[in-house]
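Novice:
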Amino acid sequence: MSNKTISSVGEFGFINIIKKKFALQRRNKQVSVPIGDDCFCFKSGGINLCVTKDMLVEDVHFKKEWTYPQELGAKAVEVNVSDAASMGGALPKYIFIGLGLPPETDFKYVEKIYQGIKNACAKYKILLAGGDSVKSDKIIISVTVIAVGGKNIVQRTGAKAGDLIGVTNTFGNAGAGVELLYKYAGKRKFNKEEKYLIKKQNSPQARLKEAGKIAKYLTSMTDASDGLYVSLDLIAAKAGANIALEKIPLSKELKNVFKDKQKQINLALFGAEDFELVFTVAKSKAAAVKKLVPTVSYIGEITDSKKVKYFYNGKEQKIKYAGFKHF
Ligand SMILES: Nc1ncnc2c1ncn2[C@@H]1O[C@H](COP(=O)(O)OP(=O)(O)OP(=O)(O)O)[C@@H](O)[C@H]1O
Ligand SMILES: Cc1ncc(C[n+]2csc(CCOP(=O)(O)O)c2C)c(N)n1
Ligand SMILES: [Mg+2]
1 MSNKTISSVG
11 EFGFINIIKK
21 KFALQRRNKQ
31 VSVPIGDDCF
41 CFKSGGINLC
51 VTKDMLVEDV
61 HFKKEWTYPQ
71 ELGAKAVEVN
81 VSDAASMGGA
91 LPKYIFIGLG
101 LPPETDFKYV
111 EKIYQGIKNA
121 CAKYKILLAG
131 GDSVKSDKII
141 ISVTVIAVGG
151 KNIVQRTGAK
161 AGDLIGVTNT
171 FGNAGAGVEL
181 LYKYAGKRKF
191 NKEEKYLIKK
201 QNSPQARLKE
211 AGKIAKYLTS
221 MTDASDGLYV
231 SLDLIAAKAG
241 ANIALEKIPL
251 SKELKNVFKD
261 KQKQINLALF
271 GAEDFELVFT
281 VAKSKAAAVK
291 KLVPTVSYIG
301 EITDSKKVKY
311 FYNGKEQKIK
321 YAGFKHF
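If you read the sequence shown in UniProt numbering, its first letter stands for residue 1, the second for the next number, and so on.
Right, dumping it as structure tokens:
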């Protein structure tokens, strides 16, 4: 037994250790996308089934004072649908809900979480297939979604030098929202633009339709749950990339509430939880993708430098990781 803590190993270090420990088990012909992507996919009866799990934990992902229980239930579904979307628009079909609840939790509160889950399931035509319920110190919602992959399964790997890097919409809103909540919740009222940013934090929307429309053109994709910087590392780091920071799309609300340009960029790169898709596409297909999803912006290009380099109006900027860490 070592005396290392999980914090010293880190989230990604820990996942890599698990992957290695179970390496032999992964040599299986049915597996089309192994552990390490947004979903695990395996072939069954000629179709690809894609499975994913994401959790929401009280005081880590939300605070009861900041989020309506309906929003929480819906968000627990949306963040999982977002992982299905990032496989190229895999269609979510079945959901399992693991709930951890402090015994004194108001039953009405739990009913409202389930109303949110039900609303989001109805939106995507997902069937509740089961779950588990246990006592815990904090509220935990652990969701598993089973989705049916389309003709084109898009993985995190696959980007090639010369591909353009696209994003489905603006970045930084959800991070801005949670920052406003930490600073001002319970202290003062929020204005309309601040409320917009807070809504982006509490009610993210998976880009499932968008993913399905463009999947056939893409060489790689992931969803930006941990922020744009991490997503770019995931899809581009093995090849390399040049990113034009001034091209990252920002909402007018973000720009009005946070006037400092550097702050806007930090929120876009490290704010996280925007659940926009980050993808790569051959240059010749980039216009077709933009036509299908007009909110798409291209923010850079894949290179063969093995590094993600950041530029602002052509001038290289050194950027160090400054985002959320679980451990
Ligand atoms: N505790 C764990 N045991 C086994 N596999 C894990 C564990 N935690 C994560 N993984 C796997 O590691 C890979 C990366 O997980 P990660 O959580 O970064 O992906 P994600 O779900 O897209 O991100 P996020 O949790 O930010 O939404 C996935 O294949 C995931 O299933
Ligand atoms: C109360 C509260 N404090 C902090 C945050 C910010 N936050 C939580 S998890 C996460 C990264 C993605 O997590 P995961 O990898 O689990 O998807 C971020 C940026 C929040 N939403 N609520
Ligand atoms: Mg993901």
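By construction, the Cβ of each residue, glycine as well, lies at the ideal position given by its N, Cα and C atoms.
None of the values given here were measured: they were computed from a predicted structure.
1. Are Leu250 and Ala241 touching if we call contact CB-CB under 8 Å?
2. Just curious, the beta strand (DSSP E) that Tyr94 is in, first and last residue?
3. Heavy atom of ligand 3 less than 7 Å from the Cβ of Thr222, yes or no?
4. Quick check for students: name the residue ranges of the alpha helix (DSSP H) that lie wholly in the UniProt domain "PurM-like C-terminal" (160–311), counting only runs of 4 or more.
5. How about Ser225: is its Cβ closer than 7 Å to a heavy atom in ligand 1?
6. Determine the closest residue to Lys199 out of Lys21, Asn173 and Ala215, with distance taken between C-alpha atoms.
7. Check the C-beta distance from Ala159 over to Ser220 and give it rounded, since I have them as a contact under 8 Å.
8. Would you mind working out which of Lys261, Thr144, Ser133 and Thr67 sits nearest Val79, comparing C-alpha positions?
9. Go through its chain and collect everything with a Cβ distance to Ser319's Cβ below 6 Å, but skip five positions before and after it.
10. Could you tell me the distance, in whole angstroms, from the CA atom of Gly212 to the CA atom of Ala122?
11. Hey, Val281 and Val293 are a contact pair by Cβ (cut 8 Å); roughly how many whole angstroms apart?
12. Relative to the C-alpha of Tyr298, which residue among Val308, Gln262 and Ala286 is closest?
13. Tell me where the beta strand (DSSP E) around Val134 begins and ends.
14. Compute the beta-carbon to beta-carbon distance between Gly175 and Leu267, rounded to the nearest angstrom, for a pair I have assumed lies under 8 Å.
15. Is the shortest distance between the beta-carbon of Val308 and the beta-carbons of chain D less than 8 Å?
16. Give a single yes or no on whether Ser32 has its beta carbon closer than 7 Å to a heavy atom of ligand 3.
17. Roughly how far, in whole angstroms, is the beta-carbon of Gln205 from the beta-carbon of Glu273, given that I think they are within contact range, below 8 Å?
18. Taking the beta carbon of Gln264 as the centre, do at least 16 other beta carbons fall within 10 Å, making it buried, or is it exposed?
19. Straight-line CA distance for Val296 to Glu104?
20. Can you say whether Gln317 is buried or exposed, counting buried as having 16 or more other CB atoms within 10 angstroms of its CB?
Specialist: Judging by the given coordinates:
1. no
2. The continuous beta strand (DSSP E) containing Tyr94 extends over residues Leu91 to Leu101.
3. yes
4. 173–184, 192–202, 208–214, 228–236, 252–257, 261–270 and 283–292
5. yes
6. Asn173
7. 4 Å
8. Thr144
9. A small correction: the amino acid at residue 319 is Ile; Ser does not occupy that position in the sequence shown. Once the five neighbours on either side are set aside, the close Cβ partners of Ile319 are Tyr310.
10. Looking at the backbone, the Cα of Gly212 and that of Ala122 are separated by about 19 Å.
11. With 8 Å as the limit, Val281 and Val293 do not qualify as a contact, their Cβ atoms being about 11 Å apart.
12. Of the candidates Val308, Gln262 and Ala286, the residue whose Cα lies closest to the Cα of Tyr298 is Ala286.
13. Where Val134 is concerned, the enclosing beta strand (DSSP E) starts and stops at Leu127 to Lys135.
14. 5 Å
15. Looking at the structure shown, chain D is missing, and only one protein chain is on hand.
16. no
17. Not quite, the Cβ-Cβ distance comes to about 12 Å (not below 8 Å), so this is no contact.
18. Classified as buried, Gln264 has 16 or more neighbouring CB atoms from the shown chains inside 10 Å of its CB.
19. 46 Å
20. exposed
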